[in-house]
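Colleague:
Residue numbers (our numbering): 126 to 314.
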């Protein structure tokens with residue numbers, strides 16, 4: 126089932142909570158503050174690369190919205206892993222054209238991340254369906270290989286910053302990026 130996952134901006138301090146500016150500069154072997162703004166932008170971009178590649182949120186994010194055309198099979202939220210996802214609201218447009226909120230407890234997430242009706246219940250008819258949820262590892266629980274992948278991406282982006290600005294082909298991400306992420310990559314169906 127096709128769905129729309131509304132992009133969510135990084136919360137204030139999100140990047141710094143996962144990979145501090147000091148840790149990023151240490152990784153890049155940068156001592157002065159001259160490029161701090163650039164390093165913060167590249168750090169956030171590197172974190173987003175890992176998140177997009179793996180379909181995960183590295184830190185806690187609230188208010189993510191997914192919209193589906195109707196209730197049914199395949200209502201997969203597109204973000205994982207499932208233990209890091211909490212659905213906070215499900216609503217739909219009823220047959221009268223008015224929004225209807227489903228009561229909490231009338232849904233659950235399956236092991237593969239699909240939203241399904243709670244046992245003993247079924248989905249109502251109607252649509253479109255809006256699902257609001259939270260996702261992401263707790264601030265201190267992000268897997269270290271994913272932070273290592275973000276550091277690798279940061280180093281690559283930083284090293285290629287001048288080439289990218291000149292519009293030349295800068296090459297792909299180092300192979301180790303995919304290897305570090307592979308154990309955490311969520312399939313998107």
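All C-beta atoms, glycine included, are put in the ideal place defined by N, C-alpha and C.
#1: Let me know the secondary structure DSSP gives residue 227 once reduced to three states.
#2: Among the residues of its own chain, which have a CB less than 6 Å from the CB of residue 307, if the five just before and after it don't count?
#3: Give the C-beta separation of residue 202 and residue 256 to the nearest angstrom, bearing in mind that I take them to be a contact with Cβ-Cβ under 8 Å.
#4: Does residue 255 come out as helix, strand or coil in the three-state DSSP assignment?
#5: Hey, which unbroken runs of the beta strand (DSSP E) at 3 residues or more fall wholly within the segment 144-199?
#6: Where does the unbroken alpha helix (DSSP H) through residue 282 begin, and where does it stop?
#7: Going by DSSP, what residues sit across from residue 214 in a beta bridge?
#8: If I follow the unbroken alpha helix (DSSP H) through residue 305, where does it start and stop?
Modeller: With the structure as the only source:
#1: Looking at residue 227 - three-state DSSP - the assignment turns out to be coil, as it is neither helix nor strand.
#2: For residue 307, where only same-chain residues beyond five positions count, there are no Cβ hits under 6 Å.
#3: Indeed, because the Cβ distance is near 7 Å, the residues count as touching under 8 Å.
#4: Residue 255: strand per DSSP, three-state reduction.
#5: Listed in chain order, they are 186-193.
#6: Looking at the DSSP string, the run of the alpha helix (DSSP H) that includes residue 282 is 269-284.
#7: DSSP lists 257 as partners of residue 214.
#8: Residues 300-306.
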